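Since the structure comes first, as structure tokens, the remarks are kept for the end.
Number of protein chains: 6
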Amino acid sequence: MATYGLVEYADACPEVKAVYDDIMATRKTDWINNFWKSLAHDPVLLKRTWEDIKQIMAPGALDALTKEMIYVAVSVTNGCPYCIASHTASARKKGMTPEMFAELMSVVGMANESNRLANGYQIELDEQFK
Amino acid sequence: MATYGLVEYADACPEVKAVYDDIMATRKTDWINNFWKSLAHDPVLLKRTWEDIKQIMAPGALDALTKEMIYVAVSVTNGCPYCIASHTASARKKGMTPEMFAELMSVVGMANESNRLANGYQIELDEQFK
Amino acid sequence: MATYGLVEYADACPEVKAVYDDIMATRKTDWINNFWKSLAHDPVLLKRTWEDIKQIMAPGALDALTKEMIYVAVSVTNGCPYCIASHTASARKKGMTPEMFAELMSVVGMANESNRLANGYQIELDEQFK
Amino acid sequence: MATYGLVEYADACPEVKAVYDDIMATRKTDWINNFWKSLAHDPVLLKRTWEDIKQIMAPGALDALTKEMIYVAVSVTNGCPYCIASHTASARKKGMTPEMFAELMSVVGMANESNRLANGYQIELDEQFK
Amino acid sequence: MATYGLVEYADACPEVKAVYDDIMATRKTDWINNFWKSLAHDPVLLKRTWEDIKQIMAPGALDALTKEMIYVAVSVTNGCPYCIASHTASARKKGMTPEMFAELMSVVGMANESNRLANGYQIELDEQFK
Amino acid sequence: MATYGLVEYADACPEVKAVYDDIMATRKTDWINNFWKSLAHDPVLLKRTWEDIKQIMAPGALDALTKEMIYVAVSVTNGCPYCIASHTASARKKGMTPEMFAELMSVVGMANESNRLANGYQIELDEQFK
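In order, the protein sequences belong to chains A, B, C, D, E and F.
Numbering-wise (my numbering), the first sequence opens with residue 275 and increments by one.
Numbering-wise (my numbering), the second sequence opens with residue 275 and increments by one.
Numbering-wise (my numbering), the third sequence opens with residue 275 and increments by one.
Numbering-wise (my numbering), the fourth sequence opens with residue 275 and increments by one.
Numbering-wise (my numbering), the fifth sequence opens with residue 275 and increments by one.
Numbering-wise (my numbering), the sixth sequence opens with residue 275 and increments by one.
The following block contains the structure:
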């Protein structure tokens, strides 16, 4: 169970309700997932985290799906079950096909492998990469 | 210094030379970076790693630049200096602009932050994500 | 299920019982948590781990609650569910308020984010920090 | 070298100069460290990261030194050399003594060890911690 | 639940069946574990991963049990529950005794601890190790 | 440079000298590496860490070389440059051949890869492994 439980909309203070409303409006959904309901015990943390994510995940030089897949790549590397489940769901909703997911996993696996080969062989950086 | 030093082309056995030749042909370059020269002490490891990377990084459902940026995201999360330098260089060569890099870093940073918030608050997975 | 099951007090050998007794006396509780019951299959590992933790977590230049929060910070960064749950419980018992927990999580999240920005931008150390 | 080099004050755009000025005023110093000069290629990332850190690291329910030591604990666990050096320097400036540092390192080491013992023995969470 | 569910033998395409048959023949078992059934949605990933593991885990300069214990050490360090459970089971089947497991865990714990002490104290490499 | 510098033998207090003497006697060498000279600022941490390592790394159910290779596997996974260099040197001194090292690296790379595939595909544990 979440450390301090979940803050439901009906029980939320106005600052929290305002963030919940903005999440639902921005994402065009009618529900709030547990991540936000857990953070809501600290309205300052909730607001800052939401505003950062809203700014960062908006399409820009990279499109929204690419950003979502990068989020999945990090979450898989760190082994965060909640984040893997929620961001994989988001990526699929934004158009990630099974073929794209399989290639994403292949790259993530390979990078994790070669990171350790580079560490283990104590490889010096080539002049060309400096 | 790399654990067993670097295997230069001139000193390589035929199996290693064949991999080096394929790397240069595939990448359209005339040099081999230290990663491969370090692994070349074990021709089996060298060949397997190269063939895996060649297969995985080829454009498919995801384009080559997206794959390279995912590689960077993993390497940054793991903190592998060699891999960060070499794959950032590759991504720039394939067209990653400073704006794209800045957004990539923003997503990687945010994902690393929220992974820990999800861990720390012991958040349960929503039914909708199962 | 724990790899080799749990060693209950009634079934423990004298060396294990002695450690269990010291844990309960030191912590002023009347039960032993699963961490110790799992390690107890190896009395040497059990004794060494307990004596290390007892020495390290005792108040010194840092007070006991600060140490417990640092433990939580590491466990959250590594994503160890057992350790997060048990040390968050300990920290709350030692006086961590919801406000302190929220600030702890904010720092842990921010540090995890900025660690990756420093990695990703390949930032050189300033002379002033050497 | 930092991926896109460092943005010096004299060369900075007004948005970046404003952040630099606020960093120096808040920290009561007359120089900017490389972390900020590297991020400054993206004024949006620079401003967001600085405002988050400024808010998070200000004394609140936890004092400034405790926050700085938690930052060090995370950076040491992740193995980020830049962050370890810069935040250890900050913590010492804020009053961390060698005795406090030694205890901090002892707790960080122990937590990293016991996190893996909990993982490795596949220990189930006690009812009391749920 | 696995992201795209599990591919059972009866429903598998010929390429997947061929890999399943080789896994069962190589391992002398009559069942396929969920790891392979999950990857099987991408026959290319399945085949590459299986052939790599088959080549890497075969006895060579290191015996099969030593390799399995190294696999466990990495999985415990990364905190991957599936891999810890499945490779601990494999290692026990190949002859790992409770005493060997306890020593394995002790080394993994100690290495994780001392890795952070080396990071935290910012220790320079001795000339003798270069 | 190490955070508080290195404690040389000539300048050490009796408690530290006793540990240094035991390290040299146990390892049959006439020098102390920087890891110990850095920790020596805290004689309690120095003594505890050395006694733990001495106990853990002694041959038992696992031989000394196997333990050293497991140490390398963890250090490579965590990316600790000091620990990789020093424990690879130790393992070579204890008889690790280039062939054994190459197989060690292959297993470490593969485990890091498959840990992420298991995470990413959200694979449920088979009944047989519970």
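Cβ atoms here follow ideal geometry from the backbone N, Cα and C, with glycine treated the same way.
All values derive from a computational prediction rather than experimental measurement.
Exposure label - residue i; buried when at least 16 CB within 10 Å
| i | result |
| --- | --- |
| B/Thr-300 | exposed |
| B/Thr-303 | exposed |
| E/Cys-287 | exposed |
| F/Trp-305 | exposed |
| B/Ala-332 | exposed |
| A/Glu-387 | buried |
| C/Glu-342 | buried |
| C/Asp-285 | exposed |
Of the listed residues the options, nearest to residue i (C-alpha basis)
| i | options | result |
| --- | --- | --- |
| B/Glu-377 | B/Asp-285, B/Ala-347, B/Cys-287, B/Cys-354 | B/Ala-347 |
| E/Val-293 | E/Ala-385, E/Leu-319, E/Lys-368, E/Asp-400 | E/Leu-319 |
| C/Lys-367 | C/Asn-386, C/Ala-392, C/Thr-340, C/Gln-402 | C/Thr-340 |
| C/Asn-389 | B/Ala-284, B/Met-343, B/Val-350 | B/Val-350 |
| D/Leu-391 | C/Cys-357, C/Glu-325, C/Gly-383 | C/Cys-357 |
| E/His-315 | E/Ala-359, E/Gly-369, E/Gly-279, E/Ser-380 | E/Gly-279 |
| D/Val-381 | F/Thr-323, F/Asp-296, F/Phe-403, F/Ala-276 | F/Thr-323 |
| A/Lys-321 | A/Gly-383, A/Met-379, A/Glu-401, A/Lys-291 | A/Lys-291 |
| A/Asn-393 | B/Asn-307, B/Ile-330, B/Asn-352 | B/Asn-352 |
Backbone secondary structure at residue i - three-state DSSP
| i | result |
| --- | --- |
| C/Leu-399 | coil |
| E/Ala-359 | helix |
| C/Asp-304 | coil |
| D/Asp-296 | helix |
| A/Thr-323 | helix |
| D/Glu-282 | coil |
| A/Lys-404 | coil |
| A/Ala-376 | helix |
| F/Gly-394 | helix |
| D/Asn-313 | The question names Asn, but residue 313 of chain D is Leu in the sequence shown. It is helical. |
| B/Leu-339 | helix |
| A/Pro-333 | coil |
| F/Ala-276 | coil |
| C/Gly-353 | coil |
| D/Lys-291 | helix |
| C/Met-370 | coil |
Straight-line gap, residue i to residue j (C-alpha atoms, nearest Å)
| i | j | result |
| --- | --- | --- |
| B/Ala-363 | D/Glu-289 | 28 Å |
| C/Glu-282 | D/Ile-397 | 14 Å |
| A/Lys-311 | B/Tyr-395 | 10 Å |
| A/Glu-373 | D/Thr-371 | 55 Å |
| B/Phe-309 | C/Lys-328 | 45 Å |
| C/Ser-360 | B/Cys-354 | 31 Å |
| B/Gly-369 | C/Leu-399 | 28 Å |
| C/Asp-337 | A/Ala-385 | 41 Å |
| F/Met-298 | E/Lys-404 | 20 Å |
| D/Asp-326 | A/Asp-295 | 22 Å |
| F/Thr-277 | C/Leu-313 | 34 Å |
| E/Tyr-345 | D/Pro-317 | 44 Å |
| E/Gln-402 | E/Ala-335 | 27 Å |
| E/Ala-365 | C/Asn-307 | 27 Å |
| E/Ile-330 | E/Phe-375 | 22 Å |
| D/Gly-383 | A/Met-379 | 32 Å |
Residue i CB to nearest heavy atom of the ligand NAD below 7 Å
| i | result |
| --- | --- |
| C/Tyr-395 | In the structure shown, the ligand NAD is absent, as is every other ligand, since no ligand is present at all. |
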